[in-house]
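If you read the sequences in order, they're chains A and B. For the first sequence, counting from 1, position 133 maps to 133 in full-length UniProt numbering; every step adds exactly one. For the second sequence, counting from 1, position 197 maps to 197 in full-length UniProt numbering; every step adds exactly one. Glycine residues also receive a C-beta, built at the ideal position from the N, C-alpha and C atoms. To keep things clear, I will list the structure first and then write my remarks on it.
Protein chains: 2
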Amino acid sequence: MSCNWGTELWDQFDNLEKHTNWGIDFLERYTKFVKERADIELSYAKQIRSLSKKFHLKRSREDDSRFTWCVAFAATLQQLNDMAAQREDLADCLHTQIACDLTRYTQELKAERKTVSQAGVQGRFHVLGVFQSKRRFERDCKEAERAQHVSDRIDLDNKADGEKQKQQAAEESRKEYVTSLNQFNQDQHQHYRTLVPVIYQRIQDMEERRIERIAEAMRSAAESERKVLPAASRCLDAMMDAAESIQPRKDTGHVVEVYKSGFDPPGDVEFEDYSANMRRSISESSYLDNRAEGRKHSRKLWPFLRKNKTRPPDRSWQRVEE
Amino acid sequence: MSCNWGTELWDQFDNLEKHTNWGIDFLERYTKFVKERADIELSYAKQIRSLSKKFHLKRSREDDSRFTWCVAFAATLQQLNDMAAQREDLADCLHTQIACDLTRYTQELKAERKTVSQAGVQGRFHVLGVFQSKRRFERDCKEAERAQHVSDRIDLDNKADGEKQKQQAAEESRKEYVTSLNQFNQDQHQHYRTLVPVIYQRIQDMEERRIERIAEAMRSAAESERKVLPAASRCLDAMMDAAESIQPRKDTGHVVEVYKSGFDPPGDVEFEDYSANMRRSISESSYLDNRAEGRKHSRKLWPFLRKNKTRPPDRSWQRVEE
Numbered sequence: 001m002s003c004n005w006g007t008e009l010w011d012q013f014d015n016l017e018k019h020t021n022w023g024i025d026f027l028e029r030y031t032k033f034v035k036e037r038a039d040i041e042l043s044y045a046k047q048i049r050s051l052s053k054k055f056h057l058k059r060s061r062e063d064d065s066r067f068t069w070c071v072a073f074a075a076t077l078q079q080l081n082d083m084a085a086q087r088e089d090l091a092d093c094l095h096t097q098i099a100c101d102l103t104r105y106t107q108e109l110k111a112e113r114k115t116v117s118q119a120g121v122q123g124r125f126h127v128l129g130v131f132q133s134k135r136r137f138e139r140d141c142k143e144a145e146r147a148q149h150v151s152d153r154i155d156l157d158n159k160a161d162g163e164k165q166k167q168q169a170a171e172e173s174r175k176e177y178v179t180s181l182n183q184f185n186q187d188q189h190q191h192y193r194t195l196v197p198v199i200y201q202r203i204q205d206m207e208e209r210r211i212e213r214i215a216e217a218m219r220s221a222a223e224s225e226r227k228v229l230p231a232a233s234r235c236l237d238a239m240m241d242a243a244e245s246i247q248p249r250k251d252t253g254h255v256v257e258v259y260k261s262g263f264d265p266p267g268d269v270e271f272e273d274y275s276a277n278m279r280r281s282i283s284e285s286s287y288l289d290n291r292a293e294g295r296k297h298s299r300k301l302w303p304f305l306r307k308n309k310t311r312p313p314d315r316s317w318q319r320v321e322e
Numbered sequence: 001m002s003c004n005w006g007t008e009l010w011d012q013f014d015n016l017e018k019h020t021n022w023g024i025d026f027l028e029r030y031t032k033f034v035k036e037r038a039d040i041e042l043s044y045a046k047q048i049r050s051l052s053k054k055f056h057l058k059r060s061r062e063d064d065s066r067f068t069w070c071v072a073f074a075a076t077l078q079q080l081n082d083m084a085a086q087r088e089d090l091a092d093c094l095h096t097q098i099a100c101d102l103t104r105y106t107q108e109l110k111a112e113r114k115t116v117s118q119a120g121v122q123g124r125f126h127v128l129g130v131f132q133s134k135r136r137f138e139r140d141c142k143e144a145e146r147a148q149h150v151s152d153r154i155d156l157d158n159k160a161d162g163e164k165q166k167q168q169a170a171e172e173s174r175k176e177y178v179t180s181l182n183q184f185n186q187d188q189h190q191h192y193r194t195l196v197p198v199i200y201q202r203i204q205d206m207e208e209r210r211i212e213r214i215a216e217a218m219r220s221a222a223e224s225e226r227k228v229l230p231a232a233s234r235c236l237d238a239m240m241d242a243a244e245s246i247q248p249r250k251d252t253g254h255v256v257e258v259y260k261s262g263f264d265p266p267g268d269v270e271f272e273d274y275s276a277n278m279r280r281s282i283s284e285s286s287y288l289d290n291r292a293e294g295r296k297h298s299r300k301l302w303p304f305l306r307k308n309k310t311r312p313p314d315r316s317w318q319r320v321e322e
């Protein structure tokens, strides 16, 4: 079967108009869809970006970067930020390259459609003239006939004049009728055999281009979204690497580096003998035996209970209630 | 350098407490981050899903499925819906499997930390007793000394008694001092050499487990997001296939199938001769020559200008002004 609108659908202008209108509506609807998709992507990207910003560790603790888990989290947030940027690019592509182009194209298509319709209007033909001349011819013929009947009954002097006059009038209107009928048939033939095929073919071309344009936009949209995936994949790999780079032992080691005082734990408190100046009857050996004196201190001693200590002792474990 | 908190950071309890507190804060902060990320994903998924729903073509035009571009758009929306479902799964995984688990773990860690701190409190030792007994000893020694000086000057009868009494008191307080000093030194030794190493080591273990848990959560989060990519890729491939399956020529062909009336364009309107009953002096051949009669109609004729037409003609091109 032929698919040519110009020859097959010559009498379906209203339906074609409805159909192509639906096509343009769809074009606008699809454009709206792409725009709304772009808006969703943009809002998503913004949320992701502000999440990344919100959770970035405050630099108040300047030693954050010593700890692998801090570094890993910072890297995760950085990657998240990159992913937000990719989504923003996608949103921009959907909006600028696809939706805006489609909007422009829709305007062009509407303008072209209008031009084609106007070409059709110029080619309209009218049957009014034919009807008028046809009726006049009919009336004149009847009058000529009546005149003929009258002349058959009355005197011959006036007879020929009246009949001949009416016949001449009928002859005139017949010529006019013939001329307008010929013109009509000529116009009608040109309309259905030349104009309609050309215009409808153009409408079909426009429709096919519109559909091709939609297909193109759909391809571009999917393609631009597909481009995000490898980039997103790289970000996720980087996040995974960041997580893998966390080393708990290294981190607790850093805590030692940061906080170690270098002091040894306090040794025994020594006995202070206030009885040195006393005359004593009891030997001091009794208590000296119990003292754990003579413990060797290989490292520097923590200056226990002295004032102006350079490093405070672990107070929390002691309740010095002096 | 040794990384053992138990031996290296014996005097840094406050700092360790601050550091591990920071660790727990981070755990809670990271949990919050994952939850917020999950919320963003969920809201994104919902928006995508409702976009897909909103643009699904109304079934009012039951012939939508005839047109490849309609089918392609429906497929695109379906894939978009699937992508929303994947994002919902991701949100659910982030929320339920990661954030909720972390919350539970944080509670456990806090409880464990409390237990460890309490164990530390039980092991506290006090210097108060030593100070008190030391002072008492000092005072008694001074009094004994004073008694000695006095007895050196006064009569010998009372001398021995007073001095001896004071000496005995000094001796008593010395014993008490020695006992409390020994107890203190013993407690202190046990504290710094046994308790602190054990407890601080446990705090370090907790810290290392906490960091390992964070690393695990980060890995899981990246992994669950990475799982979305191949699924998303398949959806985008399907969208691309849908776009590729659009066939403009097939679609305009379907329009012919749907709307074709099967009628031929109208032929010429025939001349109606009202002058048949007239006596005529002029030959009819003059106008018959111009008529394009005898055109052959191989297909069924469109019933031009007849009433009760089965198929209306293409009215838009004619302005019948009767």
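In three-state terms, what does DSSP make of Glu270/A? The count along the first sequence starts at 1 and reaches residue 270/A at position 270. In the structure shown, Glu270/A sits in coil (DSSP, three-state: anything other than H, G, I, E or B).
Would a C-beta distance cut-off of 7 Å place Tyr192/A and Lys134/A closer than the cut-off? On the first sequence, residue 192/A is found 192 positions in, with the first residue counted as 1. On the first sequence, residue 134/A is found 134 positions in, with the first residue counted as 1. Not closer than 7 Å, so no.
Strictly below 8 Å CB to CB, what residues from chain B border Lys260/A? Numbered from its first residue, the first sequence carries residue 260/A at position 260. Within chain B, the residues near Lys260/A are Glu8, Leu9 and Gln12.
Cβ of Leu109/A within 7 Å of any chain B Cβ: Taking the first sequence and counting its residues from 1, one reaches residue 109/A at position 109. Not an interface residue.
Can you confirm whether residue 400/B, when its beta carbon is compared against all beta carbons of chain A, has any partner nearer than 7 Å? Residue 400/B lies beyond the residue range present for chain B, which begins at 1 and ends at 322; the question has no answer from this structure.
Please tell me whether Ala217/B and Ile98/B are closer than 7 Å, where the distance is taken between their beta carbons. Locating residue 217/B in the second sequence gives position 217, counting from the first residue. Locating residue 98/B in the second sequence gives position 98, counting from the first residue. Yes, they are a contact pair.
Neighbour flag for Asn81/B against chain A, beta carbons, 7 Å: The count along the second sequence starts at 1 and reaches residue 81/B at position 81. No, Asn81/B does not count as interfacial toward chain A.
Measuring only between beta-carbons, confirm whether Ile246/A sits less than 7 Å from chain B. Residue 246/A sits at position 246 when you count from the first residue of the first sequence. So yes, Ile246/A belongs to the interface.
Of the residues Arg209/B, Glu143/B, Thr76/B and Arg87/B, the one placed nearest Trp69/A, counting alpha carbons only: Within the first sequence, the letter at position 69 stands for residue 69/A. The candidate whose alpha carbon is nearest that of Trp69/A is Arg209/B.
Quick check on DSSP: helix, strand or coil for Ile24/B? As a first step, residue 24/B is located in the second sequence; it is residue number 24 there, counting from the start. Correct three-state label for Ile24/B: helix.
Selection from Arg202/A, Met240/A, Arg213/A and Thr179/A that minimises the alpha carbon distance to Lys227/B: Taking the first residue of the second sequence as position 1, residue 227/B is located at position 227. The candidate whose alpha carbon is nearest that of Lys227/B is Met240/A.
At the 7 Å Cβ level, is Thr115/B part of the contact set with chain A, yes or no? In the second sequence, residue 115/B corresponds to position 115, counting from 1. No, Thr115/B does not count as interfacial toward chain A.
At the level of alpha carbons, what is the spacing between Gln106/A and Leu51/A? The residue labelled residue 106/A in the question sits at position 106 within the first sequence. The residue labelled residue 51/A in the question sits at position 51 within the first sequence. Before going on, a small fix: residue 106/A reads as Thr here, not Gln. Roughly 38 Å between the two C-alpha positions.
Closer than 7 Å, Cβ to any Cβ of chain A: which residues of the region 196 to 210 of chain B, in chain order? Gln204, Glu207 and Glu208
Beta-carbon proximity of Ala45/A to Ala75/A, cut-off 7 Å: Stepping through the first sequence from its first residue, residue 45/A is reached at position 45. Stepping through the first sequence from its first residue, residue 75/A is reached at position 75. No, the pair does not count as a contact, with Cβ atoms beyond the cut-off.
Anything in chain A within Cβ reach of Asn21/B, meaning under 7 Å, just list it in chain order. For the purposes of this step, residue 21/B is taken as the residue at position 21 of the second sequence. Chain A residues near Asn21/B: none, gap ~12 Å exceeds 7 Å.
Cβ closer than 8 Å: which chain B residues qualify as neighbours of Thr3/A? Along the first sequence, read from residue 1 onward, the residue named residue 3/A stands at position 3. Reading off the sequence, residue 3/A comes out as Cys, not Thr. Result: Arg249, Thr252, Gly253 and Val256.
Own chain residues within Cβ distance below 8 Å of Leu57/A, not counting five before or after: As a first step, residue 57/A is located in the first sequence; it is residue number 57 there, counting from the start. Asp64, Cys70, Phe73 and Ala74.
Under the three-state reduction of DSSP, which class applies to Gly129/A: helix, strand or coil? Within the first sequence, the letter at position 129 stands for residue 129/A. Correct three-state label for Gly129/A: helix.
Using a Cβ-Cβ cut-off of 6 Å (strictly less than) and excluding sequence neighbours within five positions of Ile211/A, which residues of its own chain qualify? Here residue 211/A refers to the residue found at position 211 when the first sequence is read from its first residue. Cβ within range, chain order: n/a, list empty.
Please report whether the beta-carbon of Leu229/A lies at a distance below 7 Å from any beta-carbon of chain B. In the first sequence, the residue the question calls residue 229/A occupies position 229. For Leu229/A, the answer is yes, since a Cβ of chain B falls inside 7 Å of its Cβ.
With a threshold of 16 other CB atoms inside 10 Å of the CB of Arg153/A, please say whether the residue is buried or exposed. Here residue 153/A is taken as the residue at index 153 of the first sequence, counted from 1. Exposed: under 16 other Cβ atoms inside 10 Å.
Do we get a CB-CB distance below 7 Å when we pair Leu27/B with the residues of chain A? Residue mapping note: residue 27/B aligns to position 27 of the second sequence, counting from 1. Not closer than 7 Å to any Cβ of chain A, the Cβ of Leu27/B fails to qualify, so no.
Asp92/A by DSSP, collapsed to three states: which one? As a position in the first sequence, residue 92/A is number 92, starting the count at 1. Helix.
With 9 Å as the C-beta to C-beta threshold (strictly closer), list the residues of the region 128 to 149 of chain A near chain B in chain order. Leu128, Val130, Phe131, Lys134, Phe137, Glu138, Arg139, Asp140, Cys141, Lys142, Ala144, Glu145 and Gln148
Here's the rule I'm using: 16 or more other beta-carbon atoms within 10 Å means buried, otherwise exposed. How should Ser2/A be labelled? The sequence position of residue 2/A within the first sequence is 2, counting from 1. Exposed: under 16 other Cβ atoms inside 10 Å.
Thr20/B burial status per 10 Å Cβ neighbour count (16 or more: buried): To locate residue 20/B, count along the second sequence from 1; it is residue 20. Answer is buried; the Cβ neighbour count reaches 16.
Mapping DSSP to helix, strand and coil, what is Ser245/B? Residue numbering aside, residue 245/B sits at position 245 when the second sequence is read from its first letter. Looking at Ser245/B - three-state DSSP - the assignment turns out to be coil, as it is neither helix nor strand.
Assuming contact is defined by CB atoms lying nearer than 7 Å, are Ala238/A and Gln47/A in contact in what I supplied? Locating residue 238/A in the first sequence gives position 238, counting from the first residue. Locating residue 47/A in the first sequence gives position 47, counting from the first residue. Not closer than 7 Å, so no.
Does DSSP put Ser117/A in a helix, in a strand, or in coil? Looking up residue 117/A in the first sequence gives position 117. Three-state DSSP puts Ser117/A in a helix.
By the criterion of Cβ-Cβ separation under 8 Å, what are the contact partners of Asp268/B in chain E? Absent here is chain E; the protein component of the structure consists of chains A and B.
How far does the alpha helix (DSSP H) with Trp5/A in it extend, from its first residue to its last? Residue 5/A sits at position 5 when you count from the first residue of the first sequence. Unbroken alpha helix (DSSP H) run through Trp5/A: Trp5 to Glu8.
Roughly how many whole angstroms lie between the Cα atoms of Leu90/A and Glu8/B? Here residue 90/A refers to the residue found at position 90 when the first sequence is read from its first residue. Here residue 8/B refers to the residue found at position 8 when the second sequence is read from its first residue. Approximately 53 Å, taken between the alpha carbons.
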